[in-house]
Amino acid sequence: MKKIPWGILAGVAAMVVFFATAAVVILFVVLNGVAGQTNGSTTIFGTWYQTLIFVIDIIGVLAFSGALTMFILKALGKLPEKKEA
233 MKKIPWGILA GVAAMVVFFA TAAVVILFVV LNGVAGQTNG STTIFGTWYQ
283 TLIFVIDIIG VLAFSGALTM FILKALGKLP EKKEA
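Residue numbers (my numbering): 233 to 317.
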């Protein structure tokens with residue numbers, strides 16, 4: 233567990249969360265504008281790709297939280313060490 237680069241994994245997960253959140257917001261705004269012009273309505277789960285991006289966003293948040301927690305535990309020296317037989 234001490235050899236895994238938790239800081240890098242947390243950074244990658246943070247980037248995934250940032251871009252997925254931006255994609256969800258931008259898609260909602262664009263599709264809501266189109267729906268407004270055509271007297272329709274839209275939701276965040278209106279299409280399959282919006283739902284997929286939202287699920288990727290949630291998984292990214294969980295991965296970021298876990299990696300950040302492990303990074304902090306590693307920095308504090310609280311991770312268990314591997315016992316040699």
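Beta carbons: idealized from backbone N, C-alpha and C, even for Gly. These figures come from a predicted structure and were not determined experimentally.
When C-alpha distances from Met247 are compared across Val261, Ile291 and Leu308, the shortest belongs to Ile291. Contact holds between the segment 286 to 301 and the segment 238 to 258, because three or more Cβ pairs, one in each stretch, are under 8 Å apart. Leaving aside the five residues that flank Ser273 on each side, the residues in its chain whose CB is nearer than 8 Å to its CB run, in chain order, Ala267. Contact between Ile276 and Ala255 fails: their C-beta atoms lie close to 11 Å from each other, not under 8 Å. Using a Cβ distance threshold of 8 Å, Leu263 and Gly239 do not count as a contacting pair.
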